[in-house]
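> Pasting a structure here, questions to come.
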Amino acid sequence: MDTLISNELMKRLEQLQLLARRRSKSSSKGERRSRARGHSVEFADYRNYVPGDDLRRIDWNLFGRLGHLFLKLYEEERELPVTIYLDASESMLFGEVTKFDFARQVAAAVGYVALCGFDRVTVEPFPLVDSQKSLAGELRAVRGRHSSIRFFDNLNQLKAGGAVDFNQALRLGAIKHRDPGIVVVLSDFLNLDGYEAGLKSLTNRGSEVHAVQILAEEELEPSTYGDLKVIDSETGAEQEVTFGKYRLKTYQETVHKYCHRLQEFCQARGVHYQLAQSNTPINDLLLKTMRAGGMWR
Amino acid sequence: MNFLNPEALAFAVTLPVVVVFYLLKRRRIAQLVSSTIIWKRFLNETQANSPFQKLRHNWLLIIQLILLALAVFALIRPYFSGKSESGRFVVVILDVSASMQATDVSLNRFEQAKDEISKMIDGMYDNDEMILILSGGNTEVRQSPTSVKSVLRKALDQAKVTDSPTRLLDAIKLSKNLTLNRSKVEVHLFSDGVSSDLDAFELQDLNLVYHRLGEGGDNLGIVSLEVRSNLEQSDQQSIFATIGNFSTNVMSSEVEFFFNDQMIGSRRLTVGPTNTASLVFSANQSTNGVFQVRLKKDDVLQVDNVGSVMGLTRRNVEVLLITTGNVFLEKAIRSIVDADLIVKSSLTDSTPKADVVVLDSIRPSVWPSGNVMAINTQSTNWFQPSGLLEGPPIVDWKSAHPILRFVNFDNVQVAQAVNSELPTWMSPIVESPSAPLIAVGENNGQRAVWVGFNPLDSTWPLRVSFPIFIANAIDWLNPKIVTNLSAGESFSMRVSDKDSTVLVTLPDGEIIETPTVNNGELIFADTFQQGVYDVKSGTNEISFCVNLLDAVESAIESKDVLELGQYGKVEATVQLDSNKELWRWFAIICLLLLMFEWWFYHRRTA
């Protein structure tokens, strides 16, 4: 893939701002409002003067009226950590436009919006093979719009492959990135062991989690009929199935149920859920669906 | 548990076929997918993985339900209630005589008859009853009345054609008796009509349907066969054979003579249309053996082209006379051509080497074991005289008895006779008013002739009846075994070892173990095959021959009309009405439906 996102889309993305319902708890300074008090132009509160306080912060007008010394407190602006968990397993390589490519585009878009907003962006691809460890390191804690080209470049070099333990990968990521922020999980969520434990570990950290489920057209509407022996791309497990057009509806119902169950799980834990099909235009997802879903404005 | 239609078990072969369908490994297309998790959930939802699930609309299910419903519907045997009449009572008489082997029709007449009867069985209604009678030399009810078609078919399959002549009369009489007081009676006769005994039956109101089999054709057959010894040369035998031509053409054939399967000569014989010709063939014979005559003619009936006859070397009967002197008796015995006489004054051996022992006015110290003629013999274990009769008149004699053939007692006077009570196994053949004078009987296979007076005390020796009586008595006391029989006649002989079972080897090689009756008498009646039968009893072996030799049977022209009695006539039917069952069509529809279901199932997965 030459460019993950087009220049036109980049211009549109530059106008967006990531929405964070909660105030940043990051310890690093940034441009996001936080509960911490510090130096900014946003007045927050008063407090009584105690010896040793900076005299420059005393509200002398108030002292004139009340005769007591009060200190003006201002909100501290901190950065917002944005962590993107990118499923790079073998199963993501399916689809006319592969799910992995689609996911990278979404990751690039989210990352670019965050970088434009001076937020700290981290992309965590999983599974992390040895050849990608240095690349993954480059994708951690990227800040500033000026880093976007390198960010895109690194993202573009990621390769998908191998099997993944989804829950374990998210659990490790939650331990690694303690600061709560915005977390975007880009995956197909097709894991034999489920996805619940992994998502729970993210929400337990207080992060605002966005789950984007990306499925290929073939997974939503298979076109191969007959007596099939389907082979799992990650585990190699085989399953014999007789499939025909007459069962397509039943199959689609099964997929729908699966996605719906994931959506319900997300809703119950305050996770924003989006379903995307890998061969659909990404603009629709980014500028309509995700915008409506509260990702940015 | 019984089965009405066990033949239907043949459909059980479809069960392994179904299993084979499931055993066949279906060729599956390998498809790499991102994850099998969706597919597994999909299968779990479509397969019954819980005790109950929501019933889905499925054409396969509907078709299978229809099939099952049809099968169950058939099994409960549905019917419409209404008034039904009693079924027909069908008597089928199948001619199994030799003429039914004629090959003037496809296979032969017998097989064609079986085919027609089989169709008739197929056309029976459920409440019809059928009885199967086989009519050959004997009449046999092969199957008692039944409505079960499988039983009837089995009985029909087991019926075999015989080499015996036709006796249709017994079968028709039997069928008449069987159908008395029954309604809707049909008697179907499957025959070629070749039978000589139908004149003796009046048809009356018997509903007889005659199914004519065969058309007729050229046939040359042996109608009589006999072997006789040359009286002048004891080692010479003459074979007399009569060959009949039962066609309207002049026929000729090579006639071959065999002795113990060795060809001893052949003659060329030409017989005019519907005529007979005789042949005499002389042959030397030193041992007992079988003479066989064969016609080398490929005609429509082969069974009458072979005839076998036992040739026995001549052997004189040995007569042991125990007497104190009776010139009349000696002379009478010596006058018998094939008798060798030995005269002794006393009997000391209980088992003398003689065929017949004659005791004349003596009381033996031991009673001989063989056949005996006891003349004026008193106070034995058999006869206990209670006195003498003076001048008993002869009032009655049984001239029908073989011993008294050509014997007349009109001018015979007896001066004195023994007044004796006879043992129960003896019956008098010449009697005076108060006591029997001559008696005959058979006790445990031992024949005895008892004369209760001394011929020298009568005028009998001077009469011509005396030597005739003696000759008849010697003949009766030395019974000959009949070794040449017609098919269907029973063979009888007395075996020496009373306890042993007798093995009879049939012409086709089958061995039948036959028990003896009445202390060593063999009666063998299963003589429906033509040929040589070997009888083995202990170390003794004897053979006898069975032949068709029936001109009526060889005249194979099948009759269009059966003439029964003086006025009865039954014409042959052309077409047999039969009812065709429809269940097979429904079975075919079921099968087609099943195949459609299979196709439908695969079409949707393709």
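Protein chains in written order, with our numbering: chain A, 1 to 297; chain B, 1001 to 1606.
Note that CB positions come from ideal geometry on N, CA and C, so glycine has one too.
1. Are there three or more Cβ pairs, one per stretch, closer than 8 Å when the stretch 1327–1342 of chain B is compared with the stretch 1418–1427 of chain B?
2. Going by DSSP, name the residue or residues bridged to Y273/A.
3. If we call anything under 8 Å between Cβ atoms a contact, is I1512/B one with D1534/B?
4. List the residues of chain A whose Cβ lies closer than 8 Å to the Cβ of K1040/B, in chain order.
5. Using a Cβ-Cβ cut-off of 8 Å, state whether I1063/B counts as contacting chain A.
6. Taking the alpha carbon of V241/A as the point to measure from, which residue in L190/A, G194/A, G226/A and E264/A has its own alpha carbon closest?
7. Using a Cβ-Cβ cut-off of 8 Å (strictly less than) and excluding sequence neighbours within five positions of P1423/B, which residues of its own chain qualify?
8. If distances are taken between C-alpha atoms only, which option among G1538/B, P1515/B and L1548/B comes closest to F1528/B?
9. Taking any Cβ of chain B, which residues in the stretch 89–108 of chain A have a Cβ under 7 Å from it, in chain order?
10. Under 9 Å Cβ-Cβ, which residues of chain B neighbour D45/A?
11. Could you please tell me which residues of the stretch 203–226 of chain A, in chain order, have their CB closer than 9 Å to any CB of chain B?
12. Where do the ends of the beta strand (DSSP E) carrying S134/A lie?
13. Just confirm the distance between the C-beta atoms of R178/A and R150/A, as a whole number of angstroms; I'd bet it's less than 8 Å.
14. For a contact meaning CB atoms closer than 7 Å, what does L248/A contact in chain B?
15. In chain order, which alpha helix (DSSP H) runs of at least 4 residues are fully inside the stretch 1160–1212 of chain B?
16. Using C-beta distances below 6 Å, list every residue in its chain close to I1542/B, excluding the 5 sequence neighbours before and after it, in chain order.
17. So the beta strand (DSSP E) N1371/B belongs to, where does it begin and stop?
18. So, at 6 Å on beta carbons, what are the nonlocal neighbours of Q1378/B in its own chain, with the 5 sequence-adjacent residues on each side left out?
19. Would you kindly check if the distance between the Cβ of V1290/B and the Cβ of N1260/B is under 8 Å?
20. Excluding five sequence neighbours on each side, which residues of the same chain lie with their C-beta closer than 6 Å to the C-beta of C1545/B?
21. If we call anything under 8 Å between Cβ atoms a contact, is C1590/B one with L1067/B?
22. Just to confirm my understanding: we take A1606/B, look at its own chain, exclude 5 residues before and 5 after, and list those with CB closer than 6 Å. What are they?
23. For the stretch 250–262 of chain A, which residues have a beta carbon sitting closer than 7 Å to at least one beta carbon of chain B?
24. Can you tell which of I1029/B, S1558/B, V1482/B and L1043/B has its C-alpha closest to the C-alpha of L248/A?
25. Using 8 Å as the limit for Cβ to Cβ distance, is D165/A near chain B?
26. Within 8 Å (strictly less), CB to CB, does Q1112/B reach chain A?
27. Between which residues of its own chain and N1371/B is the CB-CB distance below 6 Å, once the five residues before and five after are set aside?
28. On a Cα-Cα basis, can you pick out the residue from W1397/B, S1486/B, P1145/B and S1434/B that is closest to E1390/B?
29. In this structure, how does DSSP classify P222/A when only helix, strand and coil are distinguished?
30. Looking only at C-alpha atoms, which of D1360/B, K1344/B and L1301/B sits nearest to N1097/B?
31. Is F100/A near A160/A, with beta carbons less than 8 Å apart?
32. Spatial neighbours of T1573/B within its chain, please: C-beta separation below 7 Å, excluding the five flanking residues on both sides.
33. List, in chain order, every chain A residue whose beta-carbon is nearer than 7 Å to that of L1032/B.
34. Is any beta-carbon of chain B found at less than 8 Å from that of L285/A?
35. Are the C-beta of T1146/B and some C-beta of chain A separated by less than 8 Å?
36. Given that T1573/B touches chain A, what residues does it touch there, using C-beta distances under 9 Å?
Working from what's here:
1. No contact exists between the stretch 1327–1342 of chain B and the stretch 1418–1427 of chain B.
2. To locate residue 273/A, count along the first sequence from 1; it is residue 273. BP columns for Y273/A point to A211/A.
3. Along the second sequence, read from residue 1 onward, the residue named residue 1512/B stands at position 512. Along the second sequence, read from residue 1 onward, the residue named residue 1534/B stands at position 534. Contact: no.
4. Looking up residue 1040/B in the second sequence gives position 40. Ordered by position in chain A, the residues that pass the 8 Å Cβ test against K1040/B are Q239.
5. What you label residue 1063/B is simply residue 63 of the second sequence in a count that begins at 1. With respect to chain A, the C-beta atom of I1063/B has no partner C-beta closer than 8 Å.
6. Against the first sequence, residue 241/A aligns to sequence position 241. Comparing Cα-Cα distances from V241/A to each of L190/A, G194/A, G226/A and E264/A, the minimum goes to G226/A.
7. By one-based count along the second sequence, residue 1423/B stands at place 423. If you ignore the 5 residues before and after P1423/B, its C-beta comes within less than 8 Å of the C-beta of W1382, F1383, G1441 and N1443, all in its own chain and listed in chain order.
8. For the purposes of this step, residue 1528/B is taken as the residue at position 528 of the second sequence. Of the candidates G1538/B, P1515/B and L1548/B, the residue whose Cα lies closest to the Cα of F1528/B is L1548/B.
9. Only S91 and F94 from the stretch 89–108 of chain A bring a Cβ to less than 7 Å from some Cβ of chain B.
10. Here residue 45/A corresponds to residue number 45 of the first sequence, with the count starting at 1. Those do not exist, as D45/A stays about 52 Å from chain B at its closest Cβ, beyond 9 Å.
11. Per Cβ criterion, the list reads L215, A216, E218, E219, P222, T224, Y225 and G226.
12. The residue given as residue 134/A occupies position 134 in the first sequence. Note, S134/A: premise wrong, no beta strand (DSSP E); alpha helix (DSSP H) at K133 to E138.
13. Here residue 178/A is taken as the residue at index 178 of the first sequence, counted from 1. Here residue 150/A is taken as the residue at index 150 of the first sequence, counted from 1. Their Cβ separation, rounded to whole angstroms, is 25 Å, which puts R178/A and R150/A out of contact at 8 Å.
14. If you number the first sequence from 1, residue 248/A lands on position 248. In chain order: nothing, as chain B lies at least about 10 Å away.
15. Runs found: 1168–1178.
16. For the purposes of this step, residue 1542/B is taken as the residue at position 542 of the second sequence. Correct list, in chain order: V1535.
17. Position 371 of the second sequence, counted from the first residue, corresponds to residue 1371/B. That run of the beta strand (DSSP E) goes N1371 to I1375.
18. Translated into the one-based positions of the second sequence, residue 1378/B becomes position 378. The beta carbon of Q1378/B is closer than 6 Å to those of P1385 and V1418 in its chain, skipping five residues each way along the sequence.
19. On the second sequence, residue 1260/B is found 260 positions in, with the first residue counted as 1. On the second sequence, residue 1290/B is found 290 positions in, with the first residue counted as 1. Cβ atoms of N1260/B and V1290/B: closer than 8 Å.
20. Along the second sequence, one-based indexing puts residue 1545/B at 545. The residues are S1308, V1309, M1310, N1484 and V1532.
21. In the second sequence, residue 1590/B corresponds to position 590, counting from 1. In the second sequence, residue 1067/B corresponds to position 67, counting from 1. Result yes, Cβ atoms of C1590/B and L1067/B sit closer than 8 Å.
22. Translated into positions along the second sequence, residue 1606/B becomes position 606. At A1606/B the pLDDT is 48, less than 50, meaning the model places this residue with poor confidence; the figure from the coordinates comes in the next sentence. Once the five neighbours on either side are set aside, A1606/B has no close Cβ partner at all.
23. Hits within the stretch, in order: T250, Y251, T254, V255 and Y258.
24. Position 248 of the first sequence holds residue 248/A. Of I1029/B, S1558/B, V1482/B and L1043/B, the smallest CA-CA separation from L248/A is found for L1043/B.
25. If you number the first sequence from 1, residue 165/A lands on position 165. No, D165/A does not count as interfacial toward chain B.
26. Reading the second sequence from its first residue, position 112 is the one you call residue 1112/B. Not closer than 8 Å to any Cβ of chain A, the Cβ of Q1112/B fails to qualify, so no.
27. Position 371 of the second sequence, counted from the first residue, corresponds to residue 1371/B. Beyond the five residues adjoining it in sequence on each side, N1371/B comes within less than 6 Å, by CB distance, of V1356, R1447 and L1477 in the same chain, given in chain order.
28. For the purposes of this step, residue 1390/B is taken as the residue at position 390 of the second sequence. Residue S1434/B is the option with its Cα nearest to E1390/B.
29. Working through the first sequence from its first residue, we reach residue 222/A at position 222. DSSP places P222/A in coil when its eight states are reduced to three.
30. Position 97 of the second sequence, counted from the first residue, corresponds to residue 1097/B. Here residue 1097/B is Ser; the residue named in the question, Asn, does not match the sequence. Considering only alpha carbons, the answer is L1301/B.
31. Here residue 100/A corresponds to residue number 100 of the first sequence, with the count starting at 1. Here residue 160/A corresponds to residue number 160 of the first sequence, with the count starting at 1. Contact annotation: F100/A and A160/A have beta-carbon atoms nearer than 8 Å.
32. Here the question's residue 1573/B lines up with position 573 in the second sequence. Cβ neighbours of T1573/B within its own chain (closer than 7 Å, five residues either side excluded): V1209, Y1210 and H1211.
33. Start at 1 with the first residue of the second sequence, and residue 1032/B comes out as number 32. Ordered by position in chain A, the residues that pass the 7 Å Cβ test against L1032/B are I231 and S233.
34. Walking along the first sequence from the start, residue 285/A turns up at place 285. Cβ-Cβ to chain B under 8 Å: no for L285/A.
35. The sequence position of residue 1146/B within the second sequence is 146, counting from 1. No, no contact with chain A.
36. By one-based count along the second sequence, residue 1573/B stands at place 573. The contact set of T1573/B on chain A, defined by CB atoms closer than 9 Å, is empty, because the minimum CB distance reaches about 60 Å.
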